[in-house]
Amino acid sequence: KQEVTQIPAALSVPEGENLVLNCSFTDSAIYNLQWFRQDPGKGLTSLLLIQSSQREQTSGRLNASLDKSSGRSTLYIAASQPGDSATYLCAVSLDSNYQLIWGAGTKLIIKP
Amino acid sequence: DVKVTQSSRYLVKRTGEKVFLECVQDMDHENMFWYRQDPGLGLRLIYFSYDVKMKEKGDIPEGYSVSREKKERFSLILESASTNQTSMYLCASSWTERGEQYFGPGTRLTVT
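Those protein sequence lines, which keep their order, are chains B and D. Quick note on my numbering: the first sequence kicks off at 1 and runs consecutively. Quick note on my numbering: the second sequence kicks off at 1 and runs consecutively.
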């Protein structure tokens, strides 16, 4: 059974630092992996989607990488800003099923 | 930009009431989803619809039903609300079954 883990559960860093959020999954037979952002009490915003055949995707200051063989994805945030403070979730979709398997999220706080 | 709207941000209902949560998307997406999100349990899929009048049960369909009479609208129905259905309800849509999912702002439902 596919499991998705995000460590750490919470992270606090000073403004301006580059940081990496981690997502690991147990079954490498994934179709794609998505990263989302959620602000408190709000819905989710899709950040990046990586297909299983891709190694990375970039959007502005965000870069997501995927290593299927090791069951890992990272979300790199460059030059962090207080507005980046949110919970970041990753989710994988499998070859065999359309349902997304969700991680529990990493709560990120950027200190001014 | 894709827009997914939900009928209410906050809703308070009494035990035993019938509750309708509405979701509308404006991008002609085939696929629509209903999730609930609870602290410590993450996001869980309630129902999925891949076309008008077509639906599939997710992980936790008990106590819920859905309706999709028009492509843009997906309704979640709580036939007889119970206190354990107090939760954040999130609607999403996507072009393909495993494509990027776009979320609405969520409805915080409290059942007393």
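Cβ atoms here follow ideal geometry from the backbone N, Cα and C, with glycine treated the same way.
Local Cβ density within 10 Å of residue i, reported as buried at 16 or more and exposed below that
i, result
"tyrosine 64 of chain D", "buried"
"alanine 9 of chain B", "exposed"
"glutamine 81 of chain B", "exposed"
"asparagine 31 of chain D", "buried"
"glycine 16 of chain B", "exposed"
"serine 93 of chain D", "buried"
"arginine 14 of chain D", "exposed"
"glycine 60 of chain B", "exposed"
"isoleucine 109 of chain B", "exposed"
"glycine 105 of chain B", "buried"
"leucine 75 of chain B", "buried"
"valine 20 of chain B", "exposed"
"alanine 86 of chain B", "buried"
For residue i: DSSP bridge partner residues
i, result
"isoleucine 101 of chain B", "B:Val92"
"valine 4 of chain D", "D:Gln25"
"isoleucine 77 of chain B", "B:Leu19 and B:Leu62"
"arginine 73 of chain D", "D:Val24 and D:Lys70"
"tryptophan 95 of chain D", "Note: tryptophan 95 of chain D sits in no beta bridge, so no partner."
"threonine 106 of chain B", "B:Tyr88"
"alanine 10 of chain B", "B:Lys107"
Cβ-based neighbour list, residue i, same chain, cut-off 7 Å, excluding 5 preceding and 5 following
i, result
"glutamate 17 of chain D", "Ala81"
"threonine 45 of chain B", "Phe36 and Arg37"
"lysine 57 of chain D", "Tyr47"
"lysine 68 of chain B", "Ser28, Ile30 and Ser52"
"phenylalanine 20 of chain D", "Ser75 and Ile77"
Neighbourhood of residue i by C-beta distance below 6 Å, restricted to the same chain and skipping five residues each side
i, result
"glutamate 72 of chain D", "Val24 and Gln25"
"alanine 91 of chain B", "Gln34, Leu100 and Trp102"
"tyrosine 10 of chain D", "Arg108"
"valine 2 of chain D", "Met27 and Tyr102"
"lysine 111 of chain B", "Pro14"
"serine 7 of chain D", "Glu22"
Beta-carbon spacing of residue i, residue j below 8 Å
i, j, result
"isoleucine 77 of chain B", "leucine 62 of chain B", "yes"
"asparagine 32 of chain B", "arginine 72 of chain B", "no"
"proline 105 of chain D", "lysine 42 of chain B", "yes"
"tyrosine 102 of chain D", "valine 4 of chain D", "yes"
"glutamate 3 of chain B", "phenylalanine 25 of chain B", "yes"
"lysine 53 of chain D", "valine 66 of chain D", "no"
"alanine 64 of chain B", "leucine 48 of chain B", "yes"
Neighbourhood of residue i by C-beta distance below 8 Å, restricted to the same chain and skipping five residues each side
i, result
"leucine 43 of chain D", "Tyr35, Arg36, Gln37 and Leu90"
"leucine 45 of chain D", "Phe33, Trp34, Tyr35, Gly58, Asp59 and Ile60"
"aspartate 28 of chain D", "Lys71 and Glu72"
Legend entry - Contact residues within the region 64-80 of chain D, judged by C-beta distance below 9 Å to chain B: Under the 9 Å Cβ criterion, the region 64-80 of chain D contributes no residue.
Inset, instruction - Taking a Cβ distance cut-off of 8 Å, strictly less, list which residues of the region 94-107 of chain D are near chain B, in chain order. - result: Cβ contacts with chain B come from Glu97, Arg98, Gly99, Glu100, Gln101, Tyr102, Phe103, Gly104, Pro105 and Gly106.
Legend entry - Members of the region 95-110 of chain B near chain D, C-beta cut-off 8 Å: The region 95-110 of chain B vs chain D, Cβ under 8 Å: Tyr98, Gln99, Leu100, Trp102, Gly103, Ala104 and Gly105.
Inset, instruction - Check each residue of the region 46-59 of chain B: if its Cβ is closer than 8 Å to any Cβ of chain D, include it; give the result in chain order. - result: Hits within the stretch, in order: Ser46 and Leu49.
Inset, instruction - Report the residues of the region 24-35 of chain B with a CB closer than 9 Å to any CB of chain D, ordered along the chain. - result: If you check each beta-carbon in the region 24-35 of chain B against every beta-carbon of chain D, the ones closer than 9 Å belong to Tyr31, Asn32 and Gln34.
Legend entry - Against chain B: residues of the region 32-47 of chain D by CB proximity under 7 Å: Residues passing the 7 Å Cβ filter: Gly42, Leu43 and Leu45.
Inset, instruction - Taking a Cβ distance cut-off of 7 Å, strictly less, list which residues of the region 65-98 of chain B are near chain D, in chain order. - result: Result list: Ser93 and Tyr98.
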